[in-house]
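Input: a single structure, listed below in structure tokens.
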Amino acid sequence: MNLTKLNLNNLSLGLLLLFFTSCAVTILAPYDEVTDTKTTELQETIILELNRWNTIYQIKPDSIVLTYSNNLDVYNQSITKTELLLSRNNGIEKNKIVVKQLEGLLANLNEMKDIHKEDNILSDVDIAAFKTILNVQLGAIQKFQQVRKETNK
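End of the sequence shown = 153 in our numbering, gap-free, step of one.
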């Protein structure tokens with residue numbers, strides 16, 4: 001083999017490696033302040049409502065305030081906000097993790113709604129369980145956004 005041809009092959013390989021190693025590879029979408037802010041607001045709204053239900057339940061477990069029909073706005077608002085966040089995040093490239101997190105959140109909100117509809121009043125055990133689940137899910141979304149924010153600095 002010709003020495004000049006070998007040097008050219010090595011040079012070409014070296015330049016190719018340099019090109020690929022110098023390119024920034026983005027595996028995840030960048031930090032999204034809107035998602036971070038809106039999930040924080042959603043968490044505050046949901047946890048506040050679950051705490052309110054729990055307090056009322058402790059005082060009067062059969063209170064009409066706790067019935068499904070008296071809490072339709074809670075479900076409509078939280079589900080709609082989650083659907084909007086999901087729609088927004090579906091439109092962001094390389095954002096599968098957040099989309100999956102929001103899909104899980106939406107599924108749990110719908111499950112809570114279905115149980116509430118079926119039972120008419122959620123038990124204190126159900127309220128506590130959903131509070132934990134939703135708090136963890138929303139916290140995970142926010143934590144993920146914060147990690148993104150830190151890595152973008």
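All C-beta atoms in this analysis are idealised placements derived from N, C-alpha and C, irrespective of residue type, glycine included.
The structure presented is a predicted model; accordingly, all values stated were derived computationally and were not measured.
Does isoleucine 121 come out as helix, strand or coil in the three-state DSSP assignment?
Reduced to three states, the DSSP call for isoleucine 121 is strand.
Cβ separation of isoleucine 127 and threonine 67, assumed to be a contact under 8 angstroms, to the nearest whole Å
At roughly 14 angstroms, the Cβ-Cβ gap does not stay under 8 angstroms, so isoleucine 127 and threonine 67 are not in contact.
Threonine 67 bridges to which residues according to DSSP?
DSSP lists Ile121 as the bridge partner or partners of threonine 67.
So, under 8 angstroms CB-CB, aspartate 31 and glutamine 145 are touching, yes? Tell me the CB distance rounded to an integer number of Å.
Aspartate is not the amino acid found at residue 31; the sequence shown has tyrosine there. The C-beta separation of tyrosine 31 from glutamine 145 comes to about 6 angstroms, placing the pair in contact by the 8 angstroms criterion.
Quick one, are the C-beta atoms of tyrosine 57 and aspartate 124 less than 8 angstroms apart?
A contact, by the Cβ cut-off of 8 angstroms.
Count the other C-beta atoms from every protein chain shown that fall within 10 angstroms of the C-beta of asparagine 110, then say buried if there are 16 or more, exposed otherwise.
A residue is called buried once 16 or more other Cβ atoms fall within 10 Å of its Cβ, and asparagine 110, having fewer, is exposed.
Within its chain, find whatever has a CB closer than 7 angstroms to the CB of tryptophan 53; leave out the 5 residues flanking it on each side and keep chain order.
Excluding residues within five positions, the ones whose Cβ falls inside 7 angstroms are Leu66, Leu122, Ile127.
Does the distance from the CB of isoleucine 47 to the CB of serine 78 come in under 8 angstroms?
Using a Cβ distance threshold of 8 angstroms, isoleucine 47 and serine 78 do not count as a contacting pair.
DSSP three-state assignment for alanine 128, whether helix, strand or coil
Alanine 128: helix per DSSP, three-state reduction.
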